[in-house]
Each structure stands twice: as C-alpha cells, then as structure tokens.
C-alpha cells in the first residue's frame with residue numbers, strides 16, 4: 001500500500017523572527033479544599049534587536065506549557081520602539097508600572113548598555129545599544145520591572 005503523504009515535500013522550518021529570553025519562572029499556589037494546587041508562571045521577553053519587543057506571561061500545569069503560553073502572549077504584545085540613530089532612544093523617559101519605576105536616559109555612541117536585570121533584557125532584545133537605565137521602584141519583581149520598561153518605551157516621542 002502506498003502512502004498518500006509520500007509526495008509531500010518537507011517544508012523547512014521557518015527561521016524564528018524573534019529572539020527570546022525567559023525572565024522568570026515561578027511556582028504559584030492556589031489553596032483548595034483538598035490542599036494546595038501548584039502551577040507555574042513564566043515571564044518571557046521577545047525581540048528582533050531591530051526595534052520590536054514584547055513581554056508575555058503564561059501560566060500552566062508544567063513549566064513547558066507555561067513558557068509556550070508566555071511566548072504566544074509576548075508575540076501578541078509586540079510593539080515598535082523608535083530608536084535614534086538605530087542605537088539609543090531620542091530623549092529621557094520614565095514610567096511607572098505597579099510598584100516599579102524605571103528611568104531611561106540616552107547615551108552617546110560607544111557608551112554601552114548600562115542597565116540591570118529585566119530592564120537590560122528588554123532593552124537588549126529591543127535593539128538598544130547605548131543607554132543608561134535605572135530601576136527606582138521599591139520592587140525586585142522581574143515582571144513588573146519589565147512591564148515598567150515597556151511603558152517607558154511607549155512614552156518615547158519621535
């Protein structure tokens with residue numbers, strides 16, 4: 001018996017347009033009558049290093065499922081960042097998200113990316129090469145710091 005699928009050409013896998021970085025994977029707990037139910041929450045940043053970046057959050061029964069959901073959410077939330085000279089932002093900007101505050105300041109060529117934690121990950125994947133960033137909030141939560149950075153990048157006027 002001949003297979004009807006034999007004639008199909010294998011399609012080469014499409015090259016991923018975005019690079020991704022897992023910021024955080026946490027175990028979250030829901031208390032129910034029978035005890036505690038554990039799930040996982042994953043936070044992912046995706047970007048093409050050319051001005052597009054997105055942050056996604058996903059929850060699932062296992063880590064792999066949470067990461068897949070977070071990746072899908074991040075792809076839906078991709079935004080464009082206006083870069084000056086393709087390497088920095090045009091002006092100083094700051095933003096607040098929940099308890100996280102982020103301040104971004106443009107820098108001259110060759111200065112480098114001076115930022116830490118999740119702010120650095122978001123800016124790297126957005127394609128920013130020269131910038132100074134500071135987390136001024138009272139939280140060390142990677143998710144809120146990443147979302148505050150996204151809010152700051154939305155404030156950029158060109």
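In my numbering, the protein residues as written are 1 to 158. No residue lacks a Cβ here, since even glycine has one placed at the ideal position from N, Cα and C. Only a predicted model underlies this, so the values are computations on that prediction, with no experimental measurement involved.
Residue i lies in the beta strand (DSSP E); which residues open and close that run?
i, result
"residue 142", "Note, residue 142: premise wrong, no beta strand (DSSP E); alpha helix (DSSP H) at 142-154."
"residue 36", "35-47"
"residue 52", "52-60"
"residue 81", "Run containing residue 81: none; DSSP gives neither H nor E here."
"residue 27", "19-32"
Where does residue i fall in DSSP's three states?
i, result
"residue 112", "coil"
"residue 71", "helix"
"residue 107", "coil"
"residue 94", "strand"
"residue 99", "coil"
Among the options, which residue has its Cα nearest to the Cα of residue i?
i, options, result
"residue 41", "57, 51, 19", "57"
"residue 238", "25, 34, 148, 32", "With the chain covering only 1 through 158, there is no way to say anything about residue 238."
"residue 87", "66, 49, 68, 76", "49"
"residue 74", "119, 53, 141", "53"
"residue 78", "91, 33, 38, 44", "44"
"residue 90", "98, 107, 76, 142", "107"
Quick one: give me the first and last residue of the alpha helix (DSSP H) that residue i is part of.
i, result
"residue 126", "117-126"
key: Three-pair Cβ contact test at 8 Å for the segment 148-158 versus the segment 70-89   = yes
ask   = Is there contact here, the segment 101-110 with the segment 129-139, by at least three beta-carbon pairs under 8 Å?
value = Verdict: yes, contact present.
query = Are at least three pairs of beta-carbons, each pair with one atom in the segment 120-128 and one in the segment 15-34, less than 8 Å apart?
reply = Yes, the segment 120-128 touches the segment 15-34.
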